[in-house]
Amino acid sequence: MLKNPGANAFVTLFADSGINLELGFWVADPENGFMGLKSDINLAIWRLFKQHNIEIPFRSGKCASSATSRRSRAEEIS
């Protein structure tokens with residue numbers, strides 16, 4: 003990652019369960035790939051989040067079913 007121009011961080015969205023951020027940076031030789039660098043940056047961010055007790059919210063969903071609703075659906079079909 004090049005130091006000049008430096009990296010930039012942007013807030014792209016205030017989502018339901020978190021804040022979406024985007025990090026932009028320049029590399030000297032993109033033809034040689036940058037996935038290793040991207041992984042290193044993501045792991046460094048992950049470690050910093052852990053050090054500062056920042057938790058990433060994960061979506062949770064609830065799926066409920068009851069015998070009554072299954073019977074009602076079966077009656078609709080027949």
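The sequence shown maps to residues 3 to 80 in my numbering. The beta-carbon is built from N, C-alpha and C at its ideal position, and this holds for glycine as well. Just so you know, these numbers come straight off a predicted model, no measurement behind them.
Check whether residue i and residue j have beta carbons under 7 Å apart
| i | j | result |
| --- | --- | --- |
| residue 4 | residue 30 | yes |
| residue 28 | residue 7 | yes |
| residue 26 | residue 10 | yes |
Residue i - DSSP class collapsed to helix/strand/coil
| i | result |
| --- | --- |
| residue 46 | helix |
| residue 8 | coil |
| residue 26 | strand |
Nonlocal neighbours in the same chain, by C-beta distance under 6 Å from residue i, ignoring five residues either side
| i | result |
| --- | --- |
| residue 15 | 22 |
Own chain partners of residue i with C-beta closer than 7 Å, once the 5 adjacent residues on each side are dropped
| i | result |
| --- | --- |
| residue 39 | 3, 29 |
| residue 13 | 21, 23 |
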